[in-house]
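Residues 0 to 181 in numbering that gives the first Met the number 0 are what the sequence shown lists, from first letter to last. Here's the structure we're looking at; comments come further down.
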Amino acid sequence: MKPKKQLRDEMKRKLMQMNNEDYQIYSQQLQMKLLESKEWEEANTIGITISTNREVNTKPIIEAGWKQNKRIVVPKCYPSEKKLKFYEITSFDEVEDSFFSLKEPMVTITPLVEKNEIDLLVVPGLIFDQRGYRIGFGGGYYDRYLKEYVNNTVSLAFNFQLLDEIPKEEFDVPINRVIINT
């Protein structure tokens, strides 16, 4: 089995090589699958990242949540503590660019939301396996957050991001469900 770093680098290349048309179509397929899911329907407060680069486009998902009167909470990374905290946003005007081109909430104008208030967490990642394990972007932020998060988790993945098996470490926490576009 290839090491995580090699798998991560290969997947980043694959994502960047995906043409715009496929990216749009696959993202729309995943958006619809999530919005029609039982997990989404039952959740009132949803934790989700604002996508960048070639991640599944989450902006339409966030907008749909607002239209359905769901609370949308997005993460802010705290590198010195290696922690994530989630803040409620009601508009994209409440986010700013941060390190690694992430879109994060402006903490001075958005309320902090505790873990136990988040009904559904949409967990980002680069690679997933059939058991729900994931390889993220290498910071370990979500691995640490998921250790104490007890509610529902899903991840959105393009079909080529789902592998039979990936390297797993003792601190890895599986996602409840990986939704793929096909």
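We treat Cβ as the ideally placed atom computed from N, Cα and C, and that holds for glycine.
Query	Result
If distances are taken between C-alpha atoms only, which option among Glu93, Leu161 and Glu113 comes closest to Ile123?	The sequence given here places Pro at residue 123; Ile does not occur at that position. Out of Glu93, Leu161 and Glu113, Leu161 has the C-alpha closest to the C-alpha of Pro123.
Could you say which of Asn150, Pro166 and Asp21 lies nearest to Lys4 if we only look at CA atoms?	Pro166
Using only the alpha-carbon positions, how far apart do Arg7 and Ile134 sit?	7 Å
Tell me, please, which residues DSSP counts as bridged to Arg70.	Thr44
Let me check understanding here. Comparing Cα to Cα, which of Lys1, Leu33 and Phe91 lies closest to Val121?	Leu33
May I ask which residues mark the beginning and end of the alpha helix (DSSP H) holding Ile24?	Asn19 to Leu34
Verify whether the separation of the beta carbon atoms of Val112 and Thr48 is less than 8 Å.	no
I'd like to check one pair, Pro110 with Tyr86: are the Cβ atoms closer than 8 Å?	yes
By DSSP's criteria, Lys84 is part of a beta bridge. Which residues make up the other side?	Lys75
What is the residue span of the alpha helix (DSSP H) that Leu14 lies within?	Lys3 to Gln16
Should Thr107 go down as buried or exposed, given a rule of 16 or more other Cβ atoms within 10 Å for buried?	exposed
Which same chain residues end up closer than 7 Å to Gln28 when comparing Cβ atoms and leaving out the 5 residues on each side of it in sequence?	Asn180
Can at least three beta-carbon pairs, one atom from the region 96 to 107 and one from the region 66 to 77, be found at a separation below 8 Å?	yes
Who are the Cβ neighbours of Ala42 in its own chain at under 6 Å, not counting the five residues just before and after it?	Asp118 and Leu119
Can you list, in chain order, the residues of its chain whose CB lies under 7 Å from that of Lys114, leaving out five sequence neighbours each side?	Glu147 and Tyr148
If Phe136 sits next to Leu145, beta carbons under 8 Å apart, how far is it from one beta carbon to the other, in whole angstroms?	Actually they are not in contact, since the Cβ atoms of Phe136 and Leu145 sit about 14 Å apart, beyond 8 Å.
Does the Cβ of Ser26 have 16 or more other Cβ atoms within 10 Å, making it buried, or fewer, making it exposed?	buried
Thinking C-beta only, is Asp142 closer than 8 Å to Ile171?	One detail in the question is off: residue 171 reads as Asp in this sequence, not Ile. Yes, Cβ-Cβ distance for Asp171 and Asp142 is below 8 Å.
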